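Q: Residue numbers (this note's numbering), protein chains in the order written: chain A, 3 to 231; chain B, 105 to 220. C-beta atoms are modelled at their ideal positions from N, C-alpha and C, and glycine is treated no differently. Keep in mind it's a predicted model, so treat the numbers as computed, not measured.
(1) Applying a beta-carbon distance threshold of less than 8 Å, which residues of chain B neighbour residue 9 of chain A?
(2) Do residue 75 of chain A and residue 140 of chain B have their C-beta atoms within less than 8 Å of each other?
(3) Using only CA atoms, which one of A/151, A/190, A/189, A/73 lies nearest to residue 182 of chain B?
(4) Could you name the residues of chain A that residue 216 of chain B contacts, counting a contact when the two beta carbons are closer than 7 Å?
(5) Once you ignore the five residues that flank residue 119 of chain B on each side, which residues in its own chain have a CB closer than 7 Å to its CB?
(6) What separation, rounded to the nearest whole angstrom, lies between the Cα atoms of residue 63 of chain A and residue 12 of chain A?
(7) To the nearest angstrom, report how far apart residue 217 of chain B and residue 198 of chain B are at their CA atoms.
(8) Taking C-alpha atoms, which residue in A/188, A/23, A/49 lies nearest to residue 213 of chain A?
(9) Measuring only between beta-carbons, confirm whether residue 66 of chain A sits less than 8 Å from chain B.
(10) Checking contacts by CB at 8 Å: is residue 185 of chain B closer than that to chain A?
(11) Does any residue of chain A bring its CB to less than 8 Å from the CB of residue 147 of chain B?
(12) Could you check if residue 178 of chain B is buried or exposed, using at least 16 other CB atoms within 10 Å of its CB as the buried criterion?
(13) Anything in chain B within Cβ reach of residue 178 of chain A, meaning under 9 Å, just list it in chain order.
(14) Could you have a look at residue 179 of chain A and say whether DSSP puts it in helix, strand or coil?
(15) Alpha carbon to alpha carbon, how far is residue 205 of chain B from residue 110 of chain B? Give it in angstroms, no decimals.
(16) Quick one: which chain A residues come within Cβ less than 8 Å of residue 181 of chain B?
(17) Taking 8 Å as the threshold (beta carbon to beta carbon), is residue 84 of chain A in contact with chain B?
(18) Would residue 182 of chain A pass as a contact of residue 208 of chain A if the rule is Cβ separation under 8 Å?
(19) By DSSP, does residue 182 of chain B sit in helix, in strand, or in coil?
(20) Please check if any C-beta of chain B sits within less than 8 Å of the C-beta of residue 201 of chain A.
(21) Whole angstroms are fine: how far does the CA of residue 16 of chain A sit from the CA of residue 23 of chain A?
(22) Measure the CB-CB distance between residue 206 of chain A and residue 168 of chain B and report whether it falls below 8 Å.
(23) Starting from the Cα of residue 152 of chain B, find the closest Cα among A/84, A/31, A/38 and give me that residue.
(24) Going by the beta-carbon positions, is the gap between residue 144 of chain B and residue 81 of chain A smaller than 8 Å?
(25) Pull up the distance between the alpha-carbon of residue 143 of chain A and that of residue 173 of chain A, whole angstroms please.
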């Protein structure tokens, strides 16, 4: 596509999303049919096959990036609504989210730092369990690669949503608060969406875990990261 | 509909303003995060969420997946890294996600076990 045609990208992306979202609903909103996958795979494949001007794409879809930042700020709303879900057992909830978050980040960066990965890859992987827009901002602030962070986060979320509930049942976990906290901490927005689909209580616990984990990681990583690299 | 759009516009402007303030003061906090913290504090203080912000936020959350499509497509820029470390990336993602899930669930279950 010619560079001058950058304005075509926004309707193309929106159109692909509407089709994918329709298929997602037709599949009973299962995580595997997540409406992000189809448009992303088609667009990346078309850039690889036809060349295409990625810069024009970036310019044309910039309004979506502004809305993405606005959507992060908007997470204050589910956070405020879920404040009652966490009234009981507050210290246990905070300890569980912190423990899950530290375990996740630790297990993600160790192989990257030990192997040939290099620190920009480690810095990218460190952000994998926080919701995409926060992860991109956090990755940028510690020298990671924001677009790769976005991809790693999405794959993490899908993995947590698909494998999380059966895996946790295998460990003997079956109450909705525990499941919700685990899905929100390890699987951010996609894990939270799956928790909301399973039950309201699980959704509220997941929303709280997702936002506090995202906020704490984004604020603490830039401070802690320089100590390790 | 008008309120939803007004809410979204307000959120976009608020984030850009916080971004500008953070840059001006040389603070390394993303504008969106600062805006989220500010809004949450405001809701707690007011004891409620203003209607247009609630509608705007719900509108954005509903199209959340659409918003990160461009970000993901830009990963094409880093294809070399992915092609170079596919197994490292996949194993880091799967092992750490399972670890994070298990740690969160088991810590919570341990701390809230009956009789404690």
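A: Looking at the coordinates:
(1) Looking up residue 9 of chain A in the first chain gives position 7. Close to residue 9 of chain A, with beta-carbon spacing below 8 Å, lies no residue of chain B; the smallest spacing is near 14 Å.
(2) As a working note, residue 75 of chain A is residue 73 in the first chain. As a working note, residue 140 of chain B is residue 36 in the second chain. One thing to note: residue 75 of chain A has its Cβ within 8 Å of the Cβ of residue 140 of chain B.
(3) Looking up residue 182 of chain B in the second chain gives position 78. The shortest C-alpha separation from residue 182 of chain B is found at A/151.
(4) If you number the second chain from 1, residue 216 of chain B lands on position 112. Correct list: 91, 94.
(5) The sequence position of residue 119 of chain B within the second chain is 15, counting from 1. Result list for residue 119 of chain B: 135, 136, 139, in chain order.
(6) For this step, residue 63 of chain A is matched to residue 61 along the first chain. For this step, residue 12 of chain A is matched to residue 10 along the first chain. Straight-line Cα distance between these residues: approximately 5 Å.
(7) Looking up residue 217 of chain B in the second chain gives position 113. Looking up residue 198 of chain B in the second chain gives position 94. Here the C-alpha atom of residue 217 of chain B lies approximately 28 Å from the C-alpha atom of residue 198 of chain B.
(8) Position 211 of the first chain, counted from the start, is the residue given in the question as residue 213 of chain A. Here the closest residue by C-alpha is A/188.
(9) Within the first chain, residue 66 of chain A is the residue found at index 64, counting from 1. Nearest CB-CB separation between residue 66 of chain A and chain B: below the 8 Å threshold.
(10) As a position in the second chain, residue 185 of chain B is number 81, starting the count at 1. Contacts with chain A at 8 Å (Cβ-Cβ) include residue 185 of chain B.
(11) Within the second chain, residue 147 of chain B is the residue found at index 43, counting from 1. Put simply, the CB of residue 147 of chain B is near chain A, with a gap under 8 Å to one of its CB atoms.
(12) Within the second chain, the letter at position 74 stands for residue 178 of chain B. Using a 10 angstroms sphere on the CB of residue 178 of chain B, the tally of other CB atoms reaches 16 or more, which defines it as buried.
(13) Position 176 of the first chain, counting from 1, holds the residue named residue 178 of chain A. Listed by position along chain B, the residues whose Cβ is nearer than 9 Å to that of residue 178 of chain A form an empty set, because the closest Cβ is around 12 Å away.
(14) Here residue 179 of chain A corresponds to residue number 177 of the first chain, with the count starting at 1. The answer is helix: DSSP assigns residue 179 of chain A an H, G or I state.
(15) Residue numbering aside, residue 110 of chain B sits at position 6 when the second chain is read from its first letter. Residue numbering aside, residue 205 of chain B sits at position 101 when the second chain is read from its first letter. Their Cα atoms are separated by approximately 38 Å.
(16) Here the question's residue 181 of chain B lines up with position 77 in the second chain. Within 8 Å Cβ-Cβ: 56, 149.
(17) Taking the first residue of the first chain as position 1, residue 84 of chain A is located at position 82. Chain B, which has no Cβ nearer than 8 Å to the Cβ of residue 84 of chain A, makes this no.
(18) Walking along the first chain from the start, residue 182 of chain A turns up at place 180. Walking along the first chain from the start, residue 208 of chain A turns up at place 206. Yes, they are a contact pair.
(19) Position 78 of the second chain, counted from the first residue, corresponds to residue 182 of chain B. Here residue 182 of chain B sits in helix by DSSP.
(20) Residue 201 of chain A sits at position 199 when you count from the first residue of the first chain. Residue 201 of chain A has a beta carbon lying at 8 Å or more from every beta carbon in chain B.
(21) Translated into positions along the first chain, residue 23 of chain A becomes position 21. Translated into positions along the first chain, residue 16 of chain A becomes position 14. So the alpha carbons of these two residues sit roughly 10 Å apart.
(22) Indexing the first chain from 1 puts residue 206 of chain A at position 204. Indexing the second chain from 1 puts residue 168 of chain B at position 64. No. Outside cutoff.
(23) For the purposes of this step, residue 152 of chain B is taken as residue 48 along the second chain, with counting starting at 1. The candidate whose alpha carbon is nearest that of residue 152 of chain B is A/84.
(24) Here the question's residue 144 of chain B lines up with position 40 in the second chain. Here the question's residue 81 of chain A lines up with position 79 in the first chain. Yes; because the gap between Cβ atoms is below 8 Å, this pair is in contact.
(25) For the purposes of this step, residue 143 of chain A is taken as residue 141 along the first chain, with counting starting at 1. For the purposes of this step, residue 173 of chain A is taken as residue 171 along the first chain, with counting starting at 1. Distance from the CA of residue 143 of chain A to the CA of residue 173 of chain A, rounded to the nearest whole angstrom, comes to 36 Å.
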